[in-house]
Amino acid sequence: MPRLLLALCLLSAAAGAAADDDKVLPQVDPIAVAAFAAGQQIAAPLLETRPNARRYGAPWILVGVKSQTLKLYDGWGRQQREYVVSTARKGVGELSGSYQTPRGWHRVCERIGAGVEADTIIFRRKVTPWKYTPELHAQYPNKDWILTRILWLCGEEPGKNQGGEVDSYNRAIYIHGAGEHVPWGSPSSLGCVRMKNPDVIELFDATDNGIDVLIDENA
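See below:
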């Protein structure tokens, strides 16, 4: 196939993917394609990548407990987004009733709250008609508010975060929205991964059910 025709096919495929789906997908660099079509070689900068170690070629999420960040990677291991989060106040651990954030590989196995407005209260995994406000939090300062979106995690490592007394799903470990009273960048939750409401909406919309999630205490 002539270089120009192949280059046009690549650009057309990339544009079609972008139009059809706003998920995290590998991207085509139009400058590199143009150079290829012209038969030129270009010195491209080396980009740091971190491919999915569990399912190569699949997008994934890294929750860094040490850094209190959540990073979203595309299928080529390129970082697409980074958010500040808040993990468990009591540190990391997998045991039921520990109120700690579990480590290791998980996947998002249920998603709750699609399309609801920011600050919507989700109670016992049901969307309610009520909204979180600072005044409401002042009345119930010890309430663990779950807001806006839930990405419910299933552990993928039997005996570590799956099954028995260490099952992340049965522990109701979520990535979820939380109120602005949260000390972002510092551990404060009861085990879940808290995110700012605009951030969890963006993450929810950019990913699919089943995406891999690694919770790393040293990252």
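Residue numbers for the sequence shown, in our numbering: 86 to 304. Glycine is no exception: its CB is placed at the ideal position from the N, C-alpha and C atoms. This one's a predicted model, so the numbers in the text were calculated from it and none came from an experiment.
Are the CB atoms of Leu147 and Ala257 within a distance shorter than 9 Å? In the sequence shown, counting from the first residue as 1, residue 257 sits at position 172. In the sequence shown, counting from the first residue as 1, residue 147 sits at position 62. In this structure, Leu147 does not lie closer than 9 Å to Ala257 by Cβ.
Go to Glu220, then tell me how far its alpha helix (DSSP H) extends in each direction, as first and last residue. Taking the first residue of the sequence shown as position 1, residue 220 is located at position 135. Looking at the DSSP string, the run of the alpha helix (DSSP H) that includes Glu220 is 219-224.
Looking at the strands, I want to know which residues DSSP matches up with Asp301. Numbered from 1 along the sequence shown, position 216 holds the residue referred to as residue 301. DSSP lists Gly149 as partners of Asp301.
Ile286 (DSSP reduced to helix, strand or coil): Residue numbering aside, residue 286 sits at position 201 when the sequence shown is read from its first letter. Residue state, collapsed to three classes: helix.
Asp297: buried (16+ other C-beta within 10 angstroms of its C-beta) or exposed? Your numbering for residue 297 matches position 212 in the sequence shown. Asp297 comes out buried.
With which residues is Cys239 paired in a DSSP beta bridge? Within the sequence shown, residue 239 is the residue found at index 154, counting from 1. Its beta-bridge partners are Arg192.
Val150: which of Met280, Pro272, Thr213 sits nearest, CA to CA? For this step, residue 150 is matched to residue 65 along the sequence shown. Check the Cα spacing between Val150 and each of Met280, Pro272, Thr213: the tightest is with Pro272.
Count the other C-beta atoms from every protein chain shown that fall within 10 angstroms of the C-beta of Trp215, then say buried if there are 16 or more, exposed otherwise. Indexing the sequence shown from 1 puts residue 215 at position 130. Flag for Trp215 reads exposed.
According to DSSP, is Val267 part of a helix, a strand, or is it coil? Position 182 of the sequence shown holds residue 267. It is coil, neither helix nor strand.
Burial state of Gln224 (16 or more Cβ within 10 Å): On the sequence shown, residue 224 is found 139 positions in, with the first residue counted as 1. Gln224 comes out exposed.
Would you check if the distance between the CB atom of Arg235 and the CB atom of His261 is smaller than 9 Å? Within the sequence shown, the letter at position 150 stands for residue 235. Within the sequence shown, the letter at position 176 stands for residue 261. In the sequence under discussion, the amino acid at residue 235 is Ile, which differs from the Arg named in the question. In this structure, His261 lies closer than 9 Å to Ile235 by Cβ.
Whether Ser171 touches Gly270 by CB criterion (9 Å): Taking the first residue of the sequence shown as 1, we reach residue 171 at position 86. Taking the first residue of the sequence shown as 1, we reach residue 270 at position 185. Yes; because the gap between Cβ atoms is below 9 Å, this pair is in contact.
Of the choices Pro268, Gln165, Pro243, Leu275, whose alpha-carbon is the least far from that of Lys281? Locating residue 281 in the sequence shown gives position 196, counting from the first residue. The option with the nearest alpha carbon to Lys281 is Pro268.
Could you compute how far the alpha carbon of Gln112 sits from the alpha carbon of Asp301? Along the sequence shown, read from residue 1 onward, the residue named residue 112 stands at position 27. Along the sequence shown, read from residue 1 onward, the residue named residue 301 stands at position 216. Any answer about Gln112 is weak, because its pLDDT of 49 lies below 50 and its placement is not dependable; what the coordinates show is given next. About 27 Å.
Is it buried or exposed for Asp290, if we count other Cβ within 10 angstroms and need 16 for buried? If you number the sequence shown from 1, residue 290 lands on position 205. By the beta-carbon neighbour count (other beta carbons within 10 angstroms, threshold 16), Asp290 is exposed.
Can you check whether the CB of Thr233 is closer than 9 Å to the CB of Glu202? Counted from its first residue, the sequence shown places residue 202 at position 117. Counted from its first residue, the sequence shown places residue 233 at position 148. Result yes, Cβ atoms of Glu202 and Thr233 sit closer than 9 Å.
Between the C-alpha atoms of Gly160 and Arg139, what's the straight-line distance to the nearest angstrom? Residue numbering aside, residue 160 sits at position 75 when the sequence shown is read from its first letter. Residue numbering aside, residue 139 sits at position 54 when the sequence shown is read from its first letter. Distance between the alpha carbons of Gly160 and Arg139: 12 Å.
Just the Cα atoms here: how many angstroms apart are Lys245 and Thr218? By 1-based counting over the sequence shown, the position of residue 245 is 160. By 1-based counting over the sequence shown, the position of residue 218 is 133. For Lys245 and Thr218, the distance between alpha carbons rounds to 37 Å.
Taking the alpha carbon of Arg279 as the point to measure from, which residue in Arg188, Gly200, Arg174, Thr134 has its own alpha carbon closest? Looking up residue 279 in the sequence shown gives position 194. Ranking Arg188, Gly200, Arg174, Thr134 by Cα distance to Arg279 puts Arg174 first.
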